[in-house]
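**Q** Mind looking over this structure? Questions follow.
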Amino acid sequence: MIKKTAPDFTLEDLNGQKVSLSDLKGKIVILDFWATWCSPCIQSFPGMQASIEKYKDDDRIKFIFVNTWESDINPQEKVKTFLKNNNYLFNVLFDNSNTPVNAIATSYGVRGIPHKVVIDQNGFIRFESSGSSSNINSIVSEMSAKIELILTEPQPNN
Numbered sequence: 001m002i003k004k005t006a007p008d009f010t011l012e013d014l015n016g017q018k019v020s021l022s023d024l025k026g027k028i029v030i031l032d033f034w035a036t037w038c039s040p041c042i043q044s045f046p047g048m049q050a051s052i053e054k055y056k057d058d059d060r061i062k063f064i065f066v067n068t069w070e071s072d073i074n075p076q077e078k079v080k081t082f083l084k085n086n087n088y089l090f091n092v093l094f095d096n097s098n099t100p101v102n103a104i105a106t107s108y109g110v111r112g113i114p115h116k117v118v119i120d121q122n123g124f125i126r127f128e129s130s131g132s133s134s135n136i137n138s139i140v141s142e143m144s145a146k147i148e149l150i151l152t153e154p155q156p157n158n
């Protein structure tokens with residue numbers, strides 16, 4: 001586990017609503033940086049969908065898929081079509097609109113995608129990883145282990 005401050009951000013979701021990391025304080029946030037053209041990203045999605053399903057009733061956990069590095073003029077439409085065609089229920093934010101190009105990916109030091117960042121309830125990055133597997137059980141186990149380590153860590157008294 002690492003412990004460094006997660007850069008705050010405000011990005012738009014699929015509906016044009018603004019979402020800020022600071023609004024999610026108190027939750028464990030899993031950021032998955034990805035693009036529709038990224039084969040390793042797409043291979044990891046069944047495992048990420050299974051992870052979302054595992055934690056769907058736990059309001060302490062929030063999965064966010066940060067779409068970045070898209071070359072398409074209209075990434076929102078491309079992503080909507082991709083999600084619909086694959087039946088993914090991802091909460092997607094766009095690192096391509098109304099911000100300097102890929103500003104969030106840059107602030108998180110993303111050099112390759114997929115890139116996953118797990119942020120604890122206090123806004124600290126606790127885990128980072130690049131690349132992925134296509135093994136659904138492996139991805140769910142990895143995500144679960146990271147989440148459970150954070151959940152069982154003693155929290156400072158405020």
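Each residue of the sequence shown is one higher than the last, beginning at 1 in UniProt numbering. C-beta: ideal position from N, C-alpha, C; glycine also.
1) Taking just the CA atoms, how far does residue 30 sit from residue 2?
2) Using the three-state DSSP reduction, which class does residue 134 fall into: helix, strand or coil?
3) Once DSSP output is grouped into helix, strand and coil, what is the label at residue 77?
4) What do you get for residue 75, buried or exposed, if any count of 16 or more other CB atoms within 10 angstroms of its CB means buried?
5) According to the Cβ coordinates, are residue 134 and residue 71 closer than 8 Å?
6) Do you know whose CA, among 120, 142, 93, lies nearest residue 159's CA?
7) Hey, could you find the ends of the alpha helix (DSSP H) residue 42 is sitting in?
8) How is residue 13 classed by DSSP in three states: helix, strand or coil?
9) Can you pull the DSSP bridge partners for residue 119?
10) Suppose you measure from the CA of residue 119 to the CA of residue 78; what does that come to, to the nearest Å?
11) Contact between the region 34-48 and the region 104-117: three or more CB pairs below 8 Å?
12) What residues in its chain sit with their C-beta under 6 Å from that of residue 132, if we drop five residues either side in the sequence?
13) Quick one, are the C-beta atoms of residue 91 and residue 63 less than 8 Å apart?
14) Taking the DSSP output, what are the residues bridged to residue 5?
15) Give the DSSP-derived three-state secondary structure of residue 140 in the structure shown.
**A** Based on what the coordinates show:
1) 15 Å
2) Under the three-state reduction of DSSP output, residue 134 falls in the coil class, being neither helix nor strand.
3) In the structure shown, residue 77 adopts helical secondary structure according to DSSP, grouped into three states.
4) buried
5) Not closer than 8 Å, so no.
6) Lying before the first or after the last residue shown, residue 159 is absent from the chain, which here runs from 1 to 158.
7) 39-54
8) strand
9) 29, 125
10) 28 Å
11) yes
12) 40, 44, 114
13) yes
14) 124
15) helix
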